[in-house]
Amino acid sequence: MGRDLTLLGLTLALVLLLAGAVIFPHWLTFLVMMSLARGLVVLGIVLQMRAGLVSFGQGLYYCIGGYTAAMLGSLYGVREVAVLIAAAILVSAAVAFVLGTLLSRYRDIFFAMLSMAFSMILYGLLVKSPALGSTDGFNVPAMTFFGWKPAVQSTGVYVITCFLAYMIALAYHYYQKSPAGYLAGAIRENEIRVEYLGSSAQWLLHAKYVMASVISAVGGLLAALATGHVDPEMAYWTTSGEFVFIAILGGTGHVAAPFLGSTLFSLVRTYAYQFFPYTWQMILGLVLLLIIVFLPRGLWSLIQRLYSEKPRAADR
Amino acid sequence: MQPIVRTESLCRNFGAVVAADNITVAINPGEVVGVIGANGAGKTTFVNMVTGYLQPSAGKIYFRELDITKLKPRQVMRIGICRSFQIAQLFPELSVLDNLLIAVSSSEGTWPNFLKPLKSPARIAAAERVLADYAITSFGDTIVATLPQGVRKLVDIAMAMVTEPAVLLLDEPTSGVSVEEKFAMLDTIMAGVGGWRDGAVRRARHRDRRALCQQGAGILRRPDHRRRRSRDGAERSRRSQVRGWIADSPAVGAAMIGLQQVTVAIKRTDILNNVSMAIGSGRMAGLIGRNGAGKTTLMRSIMGLLPLRKGSIVLNDIDLSGVPPHRRTHHGIGFMPEDRRLIPDLTVAENVLLPAWAAKLADTDAQLAWTYALMPEVQQFADRKASLLSGGQQKLVALARSLMIGRRLLLLDEPFEGVAPALAQRLIEVIAVLKGEGATVLISESDYTYSRDLVDQVFVIERGVVTAR
Amino acid sequence: MLGRSQVGPLTFSNYDFGVILIAALIGLGLWWGLNRTRRGKLLLAVIHDREMSVALGIDVRAYFLLTFIIGSVLGCIAGAVTAPAISVAPGIGVEVIVLAFAVVVIGGLGSVGGALAGALIVGFSRATAVHLLPQVELFVIFGVMSLVLVVRPQGLFGRAPPRKI
Chain A
517 MGRDLTLLGL TLALVLLLAG AVIFPHWLTF LVMMSLARGL VVLGIVLQMR AGLVSFGQGL
577 YYCIGGYTAA MLGSLYGVRE VAVLIAAAIL VSAAVAFVLG TLLSRYRDIF FAMLSMAFSM
637 ILYGLLVKSP ALGSTDGFNV PAMTFFGWKP AVQSTGVYVI TCFLAYMIAL AYHYYQKSPA
697 GYLAGAIREN EIRVEYLGSS AQWLLHAKYV MASVISAVGG LLAALATGHV DPEMAYWTTS
757 GEFVFIAILG GTGHVAAPFL GSTLFSLVRT YAYQFFPYTW QMILGLVLLL IIVFLPRGLW
817 SLIQRLYSEK PRAADR
Chain B
796 MQPIVRTESL CRNFGAVVAA DNITVAINPG EVVGVIGANG AGKTTFVNMV TGYLQPSAGK
856 IYFRELDITK LKPRQVMRIG ICRSFQIAQL FPELSVLDNL LIAVSSSEGT WPNFLKPLKS
916 PARIAAAERV LADYAITSFG DTIVATLPQG VRKLVDIAMA MVTEPAVLLL DEPTSGVSVE
976 EKFAMLDTIM AGVGGWRDGA VRRARHRDRR ALCQQGAGIL RRPDHRRRRS RDGAERSRRS
1036 QVRGWIADSP AVGAAMIGLQ QVTVAIKRTD ILNNVSMAIG SGRMAGLIGR NGAGKTTLMR
1096 SIMGLLPLRK GSIVLNDIDL SGVPPHRRTH HGIGFMPEDR RLIPDLTVAE NVLLPAWAAK
1156 LADTDAQLAW TYALMPEVQQ FADRKASLLS GGQQKLVALA RSLMIGRRLL LLDEPFEGVA
1216 PALAQRLIEV IAVLKGEGAT VLISESDYTY SRDLVDQVFV IERGVVTAR
Chain C
674 MLGRSQVGPL TFSNYDFGVI LIAALIGLGL WWGLNRTRRG KLLLAVIHDR EMSVALGIDV
734 RAYFLLTFII GSVLGCIAGA VTAPAISVAP GIGVEVIVLA FAVVVIGGLG SVGGALAGAL
794 IVGFSRATAV HLLPQVELFV IFGVMSLVLV VRPQGLFGRA PPRKI
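Dropping the structure here:
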């Protein structure tokens, strides 16, 4: 075990990104915002993956976060981001608590399919609700950020995104170092023993599900602010599938991996689209396929290899 | 005295199979009680019921006269009943220390502790204390998956003990451990237990109040040392009979299987080191070594389940390195793995037939008839699902399965491990008959307990180095 | 194609009967292959314990290839027989994946009978929804799936995992 460089690394990243608010061109700030926001959703998936569960319905909370922000903003006239954040956390936690009582009883493909089912149900509801813009969704108005009203709306979103991602990443990192975090691996490997040690695998998974949902909802909220728009597509299963894909792409070994994965995904997609407007999907698919084939444990395993000679079996 | 654990007419069946029938026992505080029974007698089922893993079909369980029949394992554990497992239940991808740290932190019970860093000095100290109690400190940083079975069992017991339970149920604590090590290990376990309890327990070990677990007839009778001793005597005479049998085994032929300077590594650690050995046709060889010496690795290498880093393996002049792993059985090699590995969804007959089907044997029926003739007990439960058999019965089926295909060479990995003496005798009889029929056999064992009288030659394996004796 | 036939007051396309017949035959064949043949049993062994299967002499890679080919062929047949009845576009696979997963989960993993039951449940509930309450058509399948899983966590015909200790 070397010294824990995560706190240092994350703080450094935050400082650099905040400096970027001034220097970065608009397209880059947008890319960073979206990568961080979507990285948070992926972080939610990774949190559950470490316990052996793959959620194919994380789009549910991505969508809940986004719609909470958009609805409060355009239907109820809320103009303060702090309120939106609080609301998104509360709503997603409440929904996750209820669904979690059911979902925490399932494993493997059953968990994956049920979680997807719930997100598709939300999708179906939204599509059939004209009041919520049906398939078109609706827009998110401009906001103040804890009282601050920036000259350009996107600067505010950028700063708040960086800060939230930083705080959640840090909390996640310390959570993974706690017994509750380690128990994820324990549950994945041997639930019977976990029970015999006096912990309830079901309750732990339930708690992790709620946490993952809240993190993903915050990601959805930030994405909605960044794009200024929400639509039911956020809950569609292809969206969730993309998040799972990014999770595998990045790896599950470290808190930075999901963000790395989502940044690379956005970059590849942007460039593929720019240079190969007609075949970009194929290019994207090929690049990602190659990464998965040659780095089956995700991008993070590259960094891990630089960092330590022997990859430890536990860091999966 | 008020009993600490009491059961009242516990029953449990799995489908038509009765695993526990009317078990009524009372165990007093401070007592050391043995539960003895043949394989499939219901020992594990009893432990599973008391600890809440299985619900009894009928009957009640009391802890300090409190009804705990309906509690879940974690609730049973919280009131102070812990257990170890026949097959160690660990978190294989974590280190030994991490395994214990998780156990320590889980036992704290209050949730704010759950969010503090796992590796706090206090927890590490507690975990290391337990490691020291069970003499496994040196394995602290080892990933569990790479540990030999014996050490895993100690880790398993250590994990059960971190909570300092009032009752500890050890399910076959020394199975998978060589006989020489068995007593040392029991001493280690009891010393660990004694460190937590008063000295009375330790003394009780020598007086050994045991109880018997017999199939179908309820369990737990008072000890009868005289009877046990006389049974040992019977075993000895049976064994000498087997020796007589072996005397007329066929003459030694050319080398059947030969290993030349074989080196095998797992995760960059050499497990087998420059191993050369040869077994003549029709000979029976023993491979003796402690847990973790490399016995299983050697057999798995012959089966092609592990790649050779150096060297070659030759079977009857065929270089096996040119034979893909799944084709090796087609050359008449049968393998009986230590941990049985039956396919639970298939019936016993189907399990036995699998290798014959895979190799498309021409005389499958004759071979099956021969196998059944040799082991009629397997035929008896031929139509049962393999998952319904006890550990020992599965061992018999695994042997039968290897016989179906292993006409030239049989690799038996720890065949006598974890089976009751009577069943071990039965296995010896079967293997002795095989020898009579001219099969070449390699038997691994932790010591000479059972194989001494069977084998013609002995290889000793230690830290991956094999020497002929 | 193939005309229509009248059953009481209802009109059916004969092509649909053909599709049902093909599906029934393939389903039966698959069930028989898995549960009544040696190859099927060997496949079960591969599914359960890959490494031991190798040691038993089973060509695991060939079996993986075989199952993958069978799966692909079945998918192709399904596409081919449904194509005349729907409008074809490159993206139709997406919808089918979701439906197929739902069918498998409802029926239970590894059970051909379960797949049949799951497919019927999915088909009927969807058709009923289209007929009675078109708004819920999209997610009625997922509603039904959730209901089934609440009652039977391993699916209708799925087996509970075997005892481990």
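Chains as they are written, first to last, in our numbering: chain A, 517 to 832; chain B, 796 to 1264; chain C, 674 to 838.
Every residue gets a Cβ at the ideal spot worked out from N, C-alpha and C, and that includes glycine.
Note that the coordinates shown come from a computational prediction; the quantities given were computed from them, not determined experimentally.
DSSP on F759(A), reduced to helix/strand/coil?
The count along the first sequence starts at 1 and reaches residue 759(A) at position 243. Helix.
At a cut-off of 6 Å, would you count S1071(B) as near the ligand COA, judging by its Cβ distance to the nearest heavy atom?
This structure lacks the ligand COA; in fact it carries no ligand of any kind.
What is the residue span of the alpha helix (DSSP H) that Y690(A) lies within?
Here residue 690(A) is taken as the residue at index 174 of the first sequence, counted from 1. Element bounds for Y690(A): 669-693.
Of all Cβ atoms in chain C, is any one closer than 7 Å to the Cβ of M1072(B)?
Within the second sequence, the letter at position 277 stands for residue 1072(B). For M1072(B), not one C-beta of chain C is nearer than 7 Å to its own C-beta.
Starting from D1065(B) and walking both ways along the beta strand (DSSP E), at which residues does that stretch end?
Within the second sequence, the letter at position 270 stands for residue 1065(B). Element bounds for D1065(B): 1064-1075.
According to DSSP, is T746(B) part of a helix, a strand, or is it coil?
Because chain B in this structure spans residues 796 to 1264, residue 746(B) falls outside the shown range and cannot be described.
Please list, in chain order, the chain C residues whose beta carbon lies closer than 8 Å to that of A772(A).
As a working note, residue 772(A) is residue 256 in the first sequence. When 8 Å is used as the limit between beta carbons, A772(A) is near no residue of chain C, the shortest such separation being about 31 Å.
Any chain B beta carbon closer than 7 Å to I731(C):
Walking along the third sequence from the start, residue 731(C) turns up at place 58. With 7 Å as the cut-off, I731(C) counts as an interface residue toward chain B.
Can you have a look at E1240(B) and say buried or exposed, based on whether 16 or more other CB atoms are within 10 angstroms of its CB?
For the purposes of this step, residue 1240(B) is taken as residue 445 along the second sequence, with counting starting at 1. So E1240(B) counts as buried.
Residues in the stretch 629-641 of chain A with C-beta within 8 Å of chain C's C-beta atoms, listed in sequence order?
Cβ contacts with chain C come from M629, L630, M632, A633, F634, M636, I637, Y639, G640, L641.
Chain C contacts made by the stretch 1092-1112 of chain B, where a contact means CB separation under 9 Å
Here the close residues are R1095, M1098, G1099, L1100.
Would you mind listing the beta strand (DSSP E) stretches within the stretch 821-881 of chain B that are 3+ residues and don't spill past its ends, in chain order?
List check, beta strand (DSSP E) in window: 829-831, 853-858, 876-878.
Could you have a look at T1058(B) and say whether DSSP puts it in helix, strand or coil?
As a working note, residue 1058(B) is residue 263 in the second sequence. Correct three-state label for T1058(B): strand.
Quick one: what does DSSP say F792(A) is sitting in, helix, strand or coil?
Position 276 of the first sequence, counted from the first residue, corresponds to residue 792(A). Collapsing the DSSP output to three states places F792(A) in coil.
Collapsed DSSP secondary structure at T754(A) in the structure displayed:
On the first sequence, residue 754(A) is found 238 positions in, with the first residue counted as 1. Helix.
Residue interval of the beta strand (DSSP E) (run including M1131(B))
Within the second sequence, numbered from 1, the residue matching residue 1131(B) stands at position 336. Run containing M1131(B): 1128-1131, per the beta strand (DSSP E) assignment.
Within 7 Å, strictly: CB atoms of Y712(A) and L913(B):
The sequence position of residue 712(A) within the first sequence is 196, counting from 1. The sequence position of residue 913(B) within the second sequence is 118, counting from 1. No. Outside cutoff.
On the CB-based measure, 16 or more other CB atoms within 10 Å of its CB, does R712(C) come out buried or exposed?
Taking the first residue of the third sequence as 1, we reach residue 712(C) at position 39. Label assigned to R712(C): exposed.
Excluding the 5 residues preceding and the 5 following G706(C) in the sequence, name in chain order all residues of the same chain whose CB lies nearer than 6 Å to its CB.
Here the question's residue 706(C) lines up with position 33 in the third sequence. The answer, listed in chain order, is G713.
Using a Cβ cut-off of 9 Å, pull out every chain C residue sitting near Q910(B), in sequence order please.
On the second sequence, residue 910(B) is found 115 positions in, with the first residue counted as 1. In the sequence under discussion, the amino acid at residue 910(B) is Leu, which differs from the Gln named in the question. Around L910(B), no beta-carbon contact reaches into chain C at under 9 Å, the shortest distance being about 30 Å.
On a Cα-Cα basis, can you pick out the residue from M796(B), R947(B), L981(B) that is closest to G829(B)?
Here the question's residue 829(B) lines up with position 34 in the second sequence. The shortest C-alpha separation from G829(B) is found at L981(B).
CB contact below 7 Å: R709(A) versus chain B:
Your numbering for residue 709(A) matches position 193 in the first sequence. Yes - at least one Cβ of chain B is within 7 Å of the one on R709(A).
Residue ranges of each alpha helix (DSSP H) within the stretch 1164-1229 of chain B, 4 or longer:
Within the stretch 1164-1229 of chain B, the runs of alpha helix (DSSP H) that reach at least 4 residues and sit entirely inside it are, in chain order, 1171-1175, 1186-1200.
Please classify S900(B): does DSSP put it in a helix, a strand, or coil?
Locating residue 900(B) in the second sequence gives position 105, where the first residue counts as 1. Helix at S900(B).
Is the CB of V778(C) under 7 Å away from at least one CB in chain A?
The residue you call residue 778(C) lines up with position 105 of the third sequence. Under the Cβ criterion of 7 Å, V778(C) is counted among the residues facing chain A.
Among V1261(B), G1231(B), H1121(B), E1133(B), nearest to I1200(B) - alpha-carbon criterion:
As a working note, residue 1200(B) is residue 405 in the second sequence. Closest by alpha carbon: H1121(B).
What's the gap between the Cα of A658(A) and the Cα of L737(A)?
As a first step, residue 658(A) is located in the first sequence; it is residue number 142 there, counting from the start. As a first step, residue 737(A) is located in the first sequence; it is residue number 221 there, counting from the start. Cα-Cα distance, rounded: 13 Å.
6 Å Cβ shell around G555(A) - same chain, five flanking residues per side excluded:
In the first sequence, counting from the first residue as 1, residue 555(A) sits at position 39. If the five residues before and after G555(A) are omitted, its C-beta is found closer than 6 Å to the C-beta atoms of P774, F775, S778, all from its own chain and listed in chain order.
Partners in chain C for L618(A), counting only beta-carbon separations shorter than 7 Å:
Reading the first sequence from its first residue, position 102 is the one you call residue 618(A). For the C-beta of L618(A), the chain C residues within less than 7 Å are, from N- to C-terminus, V823.
Let me know if W816(A) comes out buried or exposed under the rule of 16 or more other beta-carbons within 10 Å of its beta-carbon.
Counting from one through the first sequence, the residue named residue 816(A) turns up at place 300. By the 16-neighbour rule on beta-carbons within 10 angstroms, W816(A) is buried.
Of all the CB atoms in chain B, is at least one closer than 7 Å to the CB of S817(A)?
Taking the first residue of the first sequence as 1, we reach residue 817(A) at position 301. At a cut-off of 7 Å between beta carbons, S817(A) makes no contact with chain B.
Which residue wins for smallest C-alpha separation from A723(A), given the options A633(A), I764(A), V611(A)?
Position 207 of the first sequence holds residue 723(A). A723(A) has its Cα closest to that of V611(A), out of A633(A), I764(A), V611(A).
Could you name each continuous alpha helix (DSSP H) segment of 4 residues or more that falls completely within the stretch 1098-1167 of chain B, going from the start of the chain to the end?
Every alpha helix (DSSP H) stretch that sits fully inside the stretch 1098-1167 of chain B and reaches 4 residues is listed by chain position as 1143-1154.
Where W753(A) meets chain C, residues with beta-carbon distance less than 7 Å:
Translated into positions along the first sequence, residue 753(A) becomes position 237. Those are V771, listed as they occur along chain C.
Exposed or buried, which one is P812(A) when buried takes at least 16 other CB atoms within 10 Å?
The count along the first sequence starts at 1 and reaches residue 812(A) at position 296. Counting the other CB atoms within 10 Å of its CB gives P812(A) a total below 16, which places it among the exposed residues.
Environment of H1020(B) [buried if 16+ CB atoms lie within 10 Å]:
As a first step, residue 1020(B) must be located in the second sequence, where it is residue number 225. Reliability of the predicted coordinates at H1020(B) is poor, the pLDDT of 32 falling under 50, and the value obtained from them is presented with this limitation in mind. It counts as exposed.
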